[in-house]
Amino acid sequence: MKILMVCLGNICRSPLAEGIMRHLAKEKGLDWQIDSAGTGNWHIGHSPDHRAIREARRQGVDISGLAARQFETADFDRFDRIYVMDRNNHRDVLKKARNEADKAKVRHLLDDDQDVPDPWFDDALFAPVYQLIYDACKNITDQE
């Protein structure tokens, strides 16, 4: 399985999702390839936000070596599933879809198309956002 996690800047939510999913897949012995990207280009090449790194580390997950990149149309060819963090990410990823097969790969990380809140403007959100993402990723790995 090849999974891509997508948020806006690829420095908070999607690197957390990438790190968590890698951690859980490894624990379960799943041979999955997991990556993350952002719909925007502001942070290309940057490390994840220090608050995301800190929260992940607190939970036993290391995301410090990740670097932000922008989502591109070729990602539809590279990945089996593309999980987005919110409605805006969903819309922006679908704009790059070339066909129905591309669109079928895109889904919200949370059930019922709920948004994962963006913690960028509120330090207090990093812990609950981590837990939301963890629970969603665990649900995915438990289904495999």
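The UniProt record's numbering puts the first residue of the sequence shown at 1, with every later residue one more than the last.
In this text, a Cβ means the ideal position worked out from N, Cα and C, and glycines have one as well.
Nearest neighbour of residue i, chosen from the options [CA to CA]
i           : options           : result
residue 119 : 3, 4, 9           : 9
residue 33  : 4, 59, 117        : 4
residue 38  : 113, 128, 16      : 16
residue 48  : 30, 35, 68        : 68
residue 142 : 66, 89, 28        : 28
residue 35  : 139, 20, 122      : 20
residue 109 : 103, 65, 132, 31  : 132
residue 14  : 113, 84, 102, 114 : 84
residue 122 : 12, 89, 97        : 12
residue 66  : 139, 44, 140, 112 : 44
residue 114 : 88, 22, 101, 102  : 88
residue 74  : 112, 64, 50, 102  : 102
residue 18  : 50, 46, 63        : 63
Under 8 angstroms between C-beta atoms of residue i and residue j
i           : j           : result
residue 76  : residue 95  : no
residue 86  : residue 116 : yes
residue 107 : residue 91  : no
residue 2   : residue 98  : no
Residues sharing a beta bridge with residue i, DSSP
i           : result
residue 2   : 33
residue 162 : Residue numbering for the chain in the displayed model covers 1 to 144; residue 162 lies beyond these limits and cannot be assessed.
residue 108 : 84
residue 7   : 38
Integer Cβ distance of residue i from residue j, believed to fall under 8 angstroms
i           : j          : result
residue 61  : residue 6  : At roughly 19 angstroms, the Cβ-Cβ gap does not stay under 8 angstroms, so residue 61 and residue 6 are not in contact.
residue 70  : residue 41 : 5 angstroms
residue 144 : residue 24 : At roughly 10 angstroms, the Cβ-Cβ gap does not stay under 8 angstroms, so residue 144 and residue 24 are not in contact.
- Message: Whether or not the stretch 119 to 132 and the stretch 54 to 71 are in contact is what I'm after, with contact meaning three or more pairs of Cβ atoms, one per stretch, closer than 8 angstroms; do they touch?
- Response: Three or more pairs of CB atoms, one per stretch, sit closer than 8 angstroms, so the stretch 54 to 71 contacts the stretch 119 to 132.
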